Amino acid sequence: MSLFKENDQLCGVGCGVVHCKYHGEGNCCCADSINVESRSATKKGETFCSTFCAKDE
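Here the numbering used here runs 711 ahead of the position in the sequence shown, where the first position is 1.
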């Protein structure tokens, strides 16, 4: 699947992490790209978004 940006948001990529600087309106991701990591993951809860960057408050 190829991702594209529309209105500075990655189409089809949701984000519920409101303290990330890439969190956008409508719970969408605004990063240029994302990277989800954990080589040994066997469950959803064992993965994480390494693109996360804390929002400057």
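Note that CB positions come from ideal geometry on N, CA and C, so glycine has one too.
Owing to the predicted nature of the structure, the values given are computational and were not obtained by experimental measurement.
Fill in: Sufficient close CB pairs (3 or more, under 8 Å) joining the stretch 722-733 to the stretch 747-756
At 8 Å Cβ cutoff, the stretches do not touch.
Leu742, buried or exposed, once every other Cβ within 10 Å from all chains shown has been counted against 16: Leu is not the amino acid found at residue 742; the sequence shown has Ala there. Buried.
ask   = Is it right to say Cys740 is buried, meaning 16 or more other beta carbons lie within 10 angstroms of its own, or is it exposed?
value = Taking every protein chain shown into account, the CB of Cys740 has 16 or more other CB atoms within 10 angstroms, so this residue is buried.
If you draw a straight line from the alpha carbon of Met712 to that of Gly723, how long is it in whole angstroms? Residue placement at Met712 is poorly supported in this model, since its pLDDT is 49, which falls under 50; the coordinates are not used for a value here.
Review point. Roughly how far, in whole angstroms, is the beta-carbon of Gly725 from the beta-carbon of Asn738, given that I think they are within contact range, below 8 Å?
Key: Sure, about 6 Å apart at Cβ, within 8 Å.
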